[in-house]
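Colleague:
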C-alpha cells in the first residue's frame with residue numbers, strides 16, 4: 071500500500087531590495103498583492119515603503135537591515151526583523 075503524499079501549494083514570495091518599485095508604491099492598486107504569501111526585503115529600502123507593503127498586503131514582511139538602513143521599531147511596525155535570526159514560515163526556514 072502506497073502512502074499518499076500531500077502536495078503543498080506553491081508559495082509566492084515577493085523579494086525586494088535597493089529601490090522602491092513605483093508599481094508597488096506610486097501606482098499601487100488594491101488587490102495587487104493578494105496572491106503574495108510572503109514578502110522578503112533584502113535591505114536598503116525606506117521604512118515607510120515596508121510599512122506600506124505590510125499594510126496593503128496580507129503577507130508577512132520580513133526584512134534585514136541593508137548598508138544604509140537604520141530602522142527603529144516604530145519605523146517598521148508590523149514588519150518582522152530577521153537580522154541574525156532564523157524565521158520559520160510554513161515550514162521554510164529563512165535566515166537573515
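Numbering (our numbering), first residue to last: 71 to 166. Glycine included, every Cβ here is placed at the ideal spot set by N, Cα and C.
Just the Cα atoms here: how many angstroms apart are residue 118 and residue 148?
Modeller: As a working note, residue 118 is residue 48 in the chain shown. As a working note, residue 148 is residue 78 in the chain shown. Cα-Cα distance, rounded: 11 Å.
Colleague: Which stretch, first to last residue, makes up the alpha helix (DSSP H) that contains residue 121?
Modeller: As a first step, residue 121 is located in the chain shown; it is residue number 51 there, counting from the start. Segment 117-126, the alpha helix (DSSP H) holding residue 121.
Colleague: My guess is that residue 127 and residue 146 are in contact by the Cβ rule of under 8 Å, so how many angstroms apart are they, rounded?
Modeller: Locating residue 127 in the chain shown gives position 57, where the first residue counts as 1. Locating residue 146 in the chain shown gives position 76, where the first residue counts as 1. That belief does not hold up - the Cβ atoms of residue 127 and residue 146 are roughly 14 Å apart, past 8 Å.
Colleague: Pick helix, strand or coil for residue 151, following the three-state DSSP scheme.
Modeller: For this step, residue 151 is matched to residue 81 along the chain shown. Three-state result, residue 151: strand.
Colleague: In this structure, how does DSSP classify residue 83 when only helix, strand and coil are distinguished?
Modeller: Translated into positions along the chain shown, residue 83 becomes position 13. Shown here, residue 83 sits in a strand according to DSSP, grouped into three states.
Colleague: Specify, as a first and last residue, the run of the beta strand (DSSP E) that residue 106 falls within.
Modeller: Here residue 106 is taken as the residue at index 36 of the chain shown, counted from 1. No beta strand (DSSP E) contains residue 106, which DSSP labels as neither H nor E.
Colleague: Can you tell me whether residue 131 is helix, strand or coil according to DSSP?
Modeller: For the purposes of this step, residue 131 is taken as residue 61 along the chain shown, with counting starting at 1. Residue 131 falls in the strand class under three-state DSSP.
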